[in-house]
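Going letter by letter, the sequence shown gives residues 4 to 203 in my numbering. We put the beta carbon where it would ideally sit given N, CA and C, even for glycine. Data first, discussion second: the structure below is written as structure tokens.
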Amino acid sequence: MAEVDVNDILEAQVNGRFLGTDDMDNVFQCRVVTTVDGLAATMADSVAEWVQDLFDAGLMAIVSDKYSLLDLEVLNLTQNTFLGQRFPGADGLDTSDALPPQCTALVIGRTSVPNIDGRKYLPVFGEAQQVDGAWIAGAITELSDFGTRWSTTFTSAGGDEVRGSVWSRDEIPPAGRDIIGSKIIPNSRTQRRRTVGRGT
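What follows is the structure, encoded as structure tokens:
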């Protein structure tokens, strides 16, 4: 068996930081559509590219400049193995006052199976991105673009392909379900976790 096979479900555990001290983690799963060589190191690079694509310049432009994306660890959930750690690095650019870290943007990733959806709480936005708790048009556009990237097959520079997925532990055996669309929540949502941004 290769270190990574087609249809394996991989997880990127993304570590961000707010105000230089508060960890803000997020978790993204993806299904391997194509693997060029089946090697752990190669696929870890490809998943890091995918995460950088999700957190593109447009999205980071509305994220508070008090937030930094630091590193990520890539796991193979199917084979229960560690593929590697990568340091993509990205900083928020919005210089307006940061919103409270509990008040975040929520994007829901839809799958073809009822009640199996992904929920992603994104990093802290700048206050300029909302009016009375509702995201402004430019922020909605960036959230919509994020949802599109999350639900579309991504091709890395080396030719690996991954697709955003939801890892369902309730299925026997556990399996991933491709994200086929997204729903944008137009108002900020309060996340009750101390670790902000961690989704299912």
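**8 angstroms Cβ shell around Thr-198 - same chain, five flanking residues per side excluded** = Note on Thr-198: pLDDT 45, under 50, position unreliable in the model; no value is reported.
**Item:** Thr-38 beta carbon less than 7 angstroms from that of Asp-163
**Value:** It is a contact, given that the beta carbons lie within the stated cut-off.
**Prompt:** If we ignore side chains and look at the alpha-carbon of each, how far apart do Ile-119 and Arg-192 end up?
**Reply:** The straight-line gap from Cα to Cα measures roughly 20 angstroms.
**Prompt:** Got a sec, what are the start and stop residues for the alpha helix (DSSP H) Glu-130 sits in?
**Reply:** Membership of Glu-130 in any alpha helix (DSSP H) is not indicated, and neither H nor E is assigned to it by DSSP.
**Asked** Between which two residues does the beta strand (DSSP E) containing Thr-37 stretch?
**Response** Under the DSSP assignment, Thr-37 falls in the beta strand (DSSP E) whose first and last residues are 25-37.
**Request:** Could you tell me the distance, in whole angstroms, from the CA atom of Trp-138 to the CA atom of Met-4?
**Result:** Looking at the two C-alpha atoms, the distance is approximately 47 angstroms.
**Item:** CB contact flag (Ala-15, Val-66, <7 angstroms)
**Value:** Contact: no.
**Request:** Measure how close the beta-carbons of Gly-92 and Glu-145 come, nearest whole angstrom, since I'm counting them as under 8 angstroms.
**Result:** For a cut-off of 8 angstroms, the C-beta gap from Gly-92 to Glu-145 is around 20 angstroms, too long to register as a contact.
**Request:** Mind reading off the beta-carbon distance from Ala-160 to Glu-52? Whole number of angstroms is fine, and I expect it under 8 angstroms.
**Result:** A Cβ-Cβ distance of about 6 angstroms is found for the pair Ala-160 and Glu-52, placing them in contact under the 8 angstroms criterion.
**Request:** Could you spell out where the beta strand (DSSP E) holding Gly-162 opens and where it closes?
**Result:** Neither: Gly-162 is in no beta strand (DSSP E) and is coded neither H nor E.
**Request:** May I ask you to list the residues that DSSP assigns as paired with Trp-138?
**Result:** Paired residue(s): Gln-133.
**Message:** Rounded to the nearest angstrom, what separates Ser-1 and Glu-76 at their Cα positions?
**Reply:** Any answer about residue 1 is impossible in this case: the structure gives the chain only from 4 up to 203.
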